[in-house]
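The block underneath contains the structure these notes are about, expressed in structure tokens.
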Amino acid sequence: LTVIAAGTSLPELATSVMAALRNERDIAVGNVVGSNLFNILAVLGLSSAVSPGGIPVSDQAINFDIPVMVAVAVACLPVFFTGGHIARWEGGLFFAYYFLYAAALVLIAVDSEHLPAYRTLMFWFVIPLSVVTLLVMPRGSLASEKPD
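The opening position of the sequence shown corresponds to residue 91 in the working numbering, with each subsequent residue numbered one higher.
Listed below in structure tokens is the structure:
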């Protein structure tokens with residue numbers, strides 16, 4: 091399903107990249123925010139409303155995908171609300187996180203023997219590093235801002 095999700099998001103990726111390259115960054119951000127809101131609220135809402143009995147949510151989504159989505163949204167807050175822009179390194183970090191998420195999905199799908207080690211790596215290295223980065227980064231961003 092993640093492959094399908096990535097495939098359906100490729101036009102949005104192209105739109106946002108082209109907007110960023112043309113220095114129309116508001117379009118890039120608006121495209122992402124608007125698309126996510128529309129997908130969650132309108133697409134999922136309307137699909138559930140017209141589906142007899144609603145739409146079942148898989149255990150995989152409840153136990154992994156949705157918590158990751160919420161954690162990512164919360165983790166992005168300091169980036170979005172400090173400095174008024176997403177730096178290149180932050181964009182690279184976002185992309186790396188997607189790669190880590192996709193790798194976890196592959197390991198889960200193939201029931202890999204490496205999944206426990208991967209989860210341990212995520213829990214003891216990537217998550218703490220992310221927390222430290224997100225706590226330290228806003229201070230650096232705010233300290234570098236010049237007062238009006």
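Even glycine gets a Cβ: it sits at the ideal position worked out from N, Cα and C.
Under 7 Å between C-beta atoms of residue i and residue j
{"i": "Ala118", "j": "Ser106", "result": "yes"}
{"i": "Glu180", "j": "Val164", "result": "no"}
{"i": "Leu195", "j": "Leu205", "result": "no"}
{"i": "Ser138", "j": "Ile130", "result": "no"}
Cβ neighbour criterion (16 or more within 10 Å) applied to residue i
{"i": "Leu183", "result": "buried"}
{"i": "Ile217", "result": "exposed"}
{"i": "Ser148", "result": "exposed"}
{"i": "Leu100", "result": "exposed"}
* Taking contact to mean at least 3 C-beta pairs separated by less than 8 Å, is the segment 145-159 in contact with the segment 208-216? -> Because the criterion of three Cβ pairs below 8 Å is not met, the segment 145-159 and the segment 208-216 do not touch.
* Kindly provide the ranges of any alpha helix (DSSP H) runs that are 4 or more residues long and lie completely inside the segment 142-192, ordered along the chain. => Within the segment 142-192, the alpha helix (DSSP H) runs of at least 4 residues that lie entirely inside it are, in chain order, 156-170.
* To do: Taking 8 Å as the threshold, find out whether the segment 98-105 comes into contact with the segment 121-140 through three or more Cβ pairs.
  => Segments in contact, yes.
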